[in-house]
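What follows is a set of notes on a single structure, which appears directly below.
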Amino acid sequence: MSTQAISLLPPDPHMCNGDEKQTRSPLSLYSEYQRLDVELRPPHRMASSHWHGQVEVNVPFDGDVEYLINNEVVQIKQGHITLFWACTPHQLTRPGNCRQMA
1 MSTQAISLLP PDPHMCNGDE KQTRSPLSLY SEYQRLDVEL RPPHRMASSH WHGQVEVNVP
61 FDGDVEYLIN NEVVQIKQGH ITLFWACTPH QLTRPGNCRQ MA
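All letters in the sequence shown, in the order written, are residues 1 to 102 by full-length UniProt numbering.
Written out as structure tokens, the structure is:
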């Protein structure tokens, strides 16, 4: 399966556009793209923790998954929604039988 990015918000003329280069903190509320993306993809085990300056929402559709978030094991049950500030180090450690998640 391929990754699908879906932009849910139209471009806002009052926000920075992609042609303007700006220096931003990785903890900035807005990404350089100024949009909300939803990815539908198969989950994969991550080799190490990572972080980024956005809010992350995860929904496993057909099986439970396990994350390590700030060195704590977090189980995300099938069909449940998990929301966290992704500047906290996180890593998908066990995709289990899940084949598709957002």
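In this text, a Cβ means the ideal position worked out from N, Cα and C, and glycines have one as well.
For the pair R94 and V65, the Cα-to-Cα distance works out to about 6 Å. N58 is bridged by DSSP to T82. The beta-bridge partner set that DSSP reports for Q91 consists of L68. Of the other Cβ atoms in all chains shown, fewer than 16 fall within 10 Å of the Cβ of L36; this residue is therefore exposed. Cα atoms of V38 and V55: separation of roughly 12 Å, rounded to the nearest angstrom.
A straight line joining the alpha-carbon of C98 with that of V57 spans about 16 Å. In this chain, the beta strand (DSSP E) harbouring L40 covers 37-40.
In the same chain as H90, and ignoring 5 residues on each side of it, the C-beta atoms closer than 8 Å to its own belong to S49, H50, W51, E56, Y67, L68, I69, N70, F84, in chain order.
Judged by DSSP in its simplified three-state form, M46 adopts coil rather than helix or strand. Closest option to I81, judged by alpha-carbon separation, among D62, C87, E72: D62.
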